[in-house]
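A short write-up of the structure that comes next.
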Amino acid sequence: MVRHWQQVGPPLRPSSQDIEFFEDAVQEWMRHHGAPRVLLLGVTPEIYRLRWPEGTDFLAVDHSQAMIDAVWPGPKKTVQCTEWLALSLPKNSRDIVLCDGGLHLLAYPGEQQQLVHILRDILSDNGMCILRLFVPPAQRESSDAVIHDLIEGRISNLNILKLRLGMSLLENAAEGVELGRVWRLIHEVAPDLEGLAAKIGWPAEHMLAINAYRGSTARYYFVTVDQISDLFCDNPGGFETHRLRVPSYDLGERCPTIILKRLLRASSNKNL
39 MVRHWQQVGP PLRPSSQDIE FFEDAVQEWM RHHGAPRVLL LGVTPEIYRL
89 RWPEGTDFLA VDHSQAMIDA VWPGPKKTVQ CTEWLALSLP KNSRDIVLCD
139 GGLHLLAYPG EQQQLVHILR DILSDNGMCI LRLFVPPAQR ESSDAVIHDL
189 IEGRISNLNI LKLRLGMSLL ENAAEGVELG RVWRLIHEVA PDLEGLAAKI
239 GWPAEHMLAI NAYRGSTARY YFVTVDQISD LFCDNPGGFE THRLRVPSYD
289 LGERCPTIIL KRLLRASSNK NL
């Protein structure tokens with residue numbers, strides 16, 4: 039990912055419209071509560087560059103020091119290299135948690151449930167999570183259809199291909215999709231990636247970035263909005279859904295931003 043970062047773009051990275059969704063939610067919260075204590079899951083530069091007021095306490099967390107070194111635009115004191123599930127922050131110590139397309143990196147449901155437990159502990163009452171999701175379509179498309187569109191030049195870039203092909207291989211959220219399988223499927227029909235790039239009008243280096251998936255046993259666990267709502271609002275809970283915003287770009291319906299508010303502890307279950 040570090041080597042191919044410059045080839046990653048929307049929808050795998052946030053578009054200007056996604057950033058607008060983040061900005062609107064943050065500004066709404068700050069109008070009522072002032073400068074926030076922020077936790078960013080990942081090192082998304084676009085989120086760091088939102089309009090944060092003086093007095094904002096900002097912390098980003100990513101498990102990869104290489105990614106931090108390559109893309110983080112902020113001071114070193116504002117970022118930590120650690121696993122999200124190993125976070126050790128005081129209770130009530132953060133006001134806003136943001137994450138751009140990262141929940142699918144955690145196994146479903148177990149690891150995603152663990153993260154909800156952590157976030158509801160470290161968030162203040164009336165704290166907020168703003169999460170851009172990658173959700174599978176209501177009607178699953180076949181991998182053959184995706185490959186056909188690729189060969190026919192009907193897919194505009196690798197970022198859309200990765201999302202469509204990965205989701206087409208998803209049997210269920212708990213099993214997830216192995217990234218190496220995505221690479222193998224493309225390689226089977228187009229072993230000459232540079233030739234394919236020339237045919238469909240992509241820059242060769244853009245097409246070759248799919249080699250980051252070669253031999254990878256990592257899995258993506260794409261979940262639906264309903265599954266996310268269940269995790270955050272019921273099992274284990276502690277949140278309520280405030281808003282869901284869906285962008286208008288190609289595949290935008292698979293990349294909604296959900297805003298979840300931390301319930302007041304006094305009005306929540308006493309065990310939360």
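Per my numbering, the sequence shown runs over residues 39 to 310.
Every residue gets a Cβ at the ideal spot worked out from N, C-alpha and C, and that includes glycine.
For N197, the three-state secondary structure derived from DSSP is helix.
Scanning the region 131-180 from its first residue to its last, the whole beta strand (DSSP E) runs of 3-plus residues come out as 132-138 and 161-170. Contact between L231 and M245 holds: their C-beta atoms lie close to 5 angstroms from each other, under 8 angstroms.
Beta bridge pairing from DSSP links L125 with no other residue. Excluding residues up to 5 positions away in sequence, Q150, L153 and Y259 lie with their Cβ nearer than 7 angstroms to the Cβ of L144 in the same chain.
The three-state reading of DSSP puts L234 in helix, counting H, G and I together. Judged by beta-carbon spacing, L136 lies within the 9 angstroms limit of V64, meaning their Cβ atoms are closer than that value.
Beta-bridge pairing by DSSP links T120 to no other residue. Assigned with DSSP and collapsed to three states, Y258 falls in strand. Counting only runs that start and end inside the region 69-106, the alpha helix (DSSP H) elements of at least 4 residues fall at 83-86. Partner residues in the beta bridge of I297, as assigned by DSSP, are I168 and R281. Here the alpha carbon of L123 sits roughly 42 angstroms from the alpha carbon of G233.
Per DSSP, reduced to three states, the secondary structure at E216 is strand. By the criterion of at least three beta-carbon pairs nearer than 8 angstroms, the region 94-103 is not in contact with the region 155-163.
Contact check for S286 against Q55 passes: the beta carbons are separated by less than 9 angstroms. Secondary structure note for E243: its alpha helix (DSSP H) is the uninterrupted segment A242 to L246. Here the alpha carbon of L127 sits roughly 29 angstroms from the alpha carbon of A211.
Straight through space, the alpha carbons of P83 and W110 are spaced by roughly 6 angstroms. Between R292 and V173 the beta-carbon gap is near 6 angstroms, inside 8 angstroms, which marks them as a contact.
Here the alpha carbon of R75 sits roughly 13 angstroms from the alpha carbon of N164. Taking C-beta atoms as the reference points, V263 and I297 fail to come closer than 9 angstroms. Per DSSP, the unbroken alpha helix (DSSP H) holding L269 starts and ends at V263 to C271. Between N130 and the set K115, P147, L161 and G112, the nearest pair of CA atoms involves L161.
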